[in-house]
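Asker: For the sequence shown, this note's numbering begins at 27 and goes up steadily by one. Quick one: this structure, given as structure tokens, is what I'll be asking you about.
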Amino acid sequence: MSKGHAKHHERHHGLSLFGKDLVRRCSSKCELCEAHGVKLKVFEVPPIEAEPNFDHCIMICEACQGQIDKPRTIDPNYWRFLDNAMWSSVPPVKIMSVTMLRHLADKNDWASELLEQVYLEPDEDAWLVKVPPLD
Ligand SMILES: [Zn+2]
């Protein structure tokens with residue numbers, strides 16, 4: 027087994043330890059779009075730290091994750107649910123929602139209007155500064 031592979035495996039294992047708590051928190055719904063009855067995966071909100079960090083993890087569906095991974099496939103209208111997700115009491119959900127809104131705000135007035143309403147705690151603000159823009 028290569029070193030890189032072992033590392034990936036360890037990380038995956040670390041994340042799967044969070045799975046149970048995350049499933050409880052999200053009540054089996056995508057924490058962004060609230061789809062249920064779909065497959066959910068652990069997603070780490072950037073910046074990715076050396077050790078998997080539970081407080082950076084969210085459970086999201088493949089439809090959300092697919093578009094985050096390939097921003098060129100983003101369908102702005104799909105993300106209208108962000109008007110709800112951005113008020114989440116779960117910080118990584120809020121951070122990911124605002125990151126998406128910032129990406130969408132360039133071309134979508136509804137997204138920039140939502141960004142004007144969002145309220146961020148100082149530590150959330152400090153986190154957002156470290157999140158690279160999607161591209
Ligand atoms: Zn989703």
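In this text, a Cβ means the ideal position worked out from N, Cα and C, and glycines have one as well. All values derive from a computational prediction rather than experimental measurement.
So, do the stretch 65-72 and the stretch 103-112 have three or more beta carbon pairs nearer to each other than 8 Å?
Answerer: No, the stretch 65-72 does not touch the stretch 103-112.
Asker: Would you tell me roughly how many angstroms separate the C-alpha atoms of residue 111 and residue 43, rounded to the nearest one?
Answerer: About 25 Å.
Asker: Could you check how far apart the C-beta atoms of residue 86 and residue 67 are, in whole angstroms? I think they sit under 8 Å.
Answerer: Yes, they are in contact, since the Cβ atoms of residue 86 and residue 67 sit about 7 Å apart, within 8 Å.
Asker: Regarding residue 89 and ligand 1, is the C-beta to nearest heavy atom distance less than 7 Å?
Answerer: Under cutoff, so the answer is yes.
Asker: In the DSSP assignment, find the alpha helix (DSSP H) that holds residue 120 and state where it starts and stops.
Answerer: Looking at the DSSP string, the run of the alpha helix (DSSP H) that includes residue 120 is 117-131.
Asker: Can you tell me whether residue 148 is buried or exposed, with buried defined as 16 or more other CB within 10 angstroms of its CB?
Answerer: The residue in question, residue 148, is exposed, as its Cβ has fewer than 16 Cβ neighbours within 10 Å.
Asker: Indicate the three-state DSSP secondary structure (helix, strand or coil) for residue 46 in the structure shown.
Answerer: Three-state result, residue 46: helix.
Asker: Tell me whether residue 60 is buried or exposed, calling it buried when 16 or more other Cβ atoms sit within 10 Å of its Cβ.
Answerer: Answer is exposed; the Cβ neighbour count stays below 16.
Asker: Could you tell me the distance, in whole angstroms, from the CA atom of residue 128 to the CA atom of residue 36?
Answerer: Computed Cα separation, rounded: 32 Å.
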